[in-house]
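Student: Using the numbering used here, you'd call the opening residue of the sequence shown number -16 and step up by one each time. My questions all concern the structure below.
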Amino acid sequence: MKKIICKTYNEMSWKAADIVITAVKEKPGLVLGLPTGTTPIGMYDALANAYKDGFVNFSRVATFNLDEYVGLTPDHPQSYRYFMDKHLFGRVNIKPKNTHVPDGAAADLGAAARNYDALIEKSGGIDLFVVGIGQNGHIGFNEPAASMPAFTHVVELTQNTIEANSRLFNGMSEVPLKAVTQGMATILRAKKILLLASGESKRAALEKMESGIITLDCPATLLNLHRDVTALLS
Ligand code: PGA
């Protein structure tokens, strides 16, 4: 795993955007895996600015987001589809039909999850996957657990995640208890992975990941199985 330590959050964000832009230049039809959360907002701002200034063209790019809350429709301000439209998709020339976020409001969540994986396969697989990391070491919503499904699935959120994410809702009782997430196998099939992490609250999870010991108690440790991971830290 390659580790790049940045002095500031802005530097990390610009470096992340630069890696994405370089990848799009090399392959205009790039298939990108994307995260939500506070961490990638600076990268999305940098990508939107680069697009505005004519440095990058998203017209052939396709995206597959990591996860979505169960029960939230795309028009819900806390849904991850809403987040992506606001922070990236609505600000660049990506074609809406090429943007994919798991459907947390599907009548048959299991079938929707299987279709999501099939769509990723059909697109040729994810070239570059940008991921964040939870305080508990989750990647996407792959929460610490004794076992976990390998591919896209419905998951019950842990108390730690519900508490961490409640800052974005009107209190903890409004945070959905379940989510749909790409599985660790789905994520590890990406050709390249770029992990973004900022701040003290992520330190313990990062230390576990960097120890090189693999444990489902800290799903981020599974990234050690991949041969092309860059961790951009600030
Ligand atoms: P954050 O979330 O960027 O809001 O810290 C990351 C995550 O939980 O994966």
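Positions of the beta carbon are idealized from the N, C-alpha and C atoms, including for glycine. Note that the structure is predicted; figures quoted are calculated from it, not measured.
Scan the stretch 71 to 115 and note each continuous alpha helix (DSSP H) run of 4 residues or more that stays entirely inside, going in chain order.
Tutor: The stretch 71 to 115 contains these whole alpha helix (DSSP H) runs: 92 to 105.
Student: Assuming Tyr63 contacts Asn48 (C-beta within less than 8 Å), just tell me the rounded distance between them.
Tutor: Yes, Tyr63 and Asn48 are in contact; Cβ-Cβ is about 6 Å, under 8 Å.
Student: For Gln142, which residues from the same chain have a beta carbon less than 7 Å from its beta carbon, with the 5 sequence-adjacent residues on both sides left out?
Tutor: None.
Student: Could you check whether Asn40 and Pro18 sit closer than 8 Å to each other, using their CB atoms as the reference points?
Tutor: Cβ distance not < 8 Å, so Pro18 and Asn40 don't count as in contact.
Student: Could you round the C-beta distance between Ser181 and Met(-5) to whole angstroms and report it? I think they count as a contact, below 8 Å.
Tutor: Sure, about 6 Å apart at Cβ, within 8 Å.
Student: Under DSSP, the beta strand (DSSP E) around Leu171 begins and ends at which residues?
Tutor: Leu171 -> not in any beta strand (DSSP E); alpha helix (DSSP H) instead, spanning Met167 to Leu171.
Student: Do Gly123 and Thr164 have their beta-carbon atoms positioned less than 8 Å apart in this structure?
Tutor: Yes; because the gap between Cβ atoms is below 8 Å, this pair is in contact.
Student: Counting only runs of 4+ residues fully inside the stretch 135 to 201, write out the alpha helix (DSSP H) ranges in chain order.
Tutor: Complete alpha helix (DSSP H) runs here, min 4: 142 to 148, 167 to 171 and 186 to 194.
Student: Pick from Tyr(-8), Ala95 and Tyr27: whose alpha carbon is nearest that of Lys69?
Tutor: Ranking the options by Cα distance to Lys69, first place goes to Tyr27.
Student: Measure the C-alpha to C-alpha separation of Asp36 and Ile196 and round it to an integer number of angstroms.
Tutor: Spanning the two alpha carbons is a distance of roughly 43 Å.
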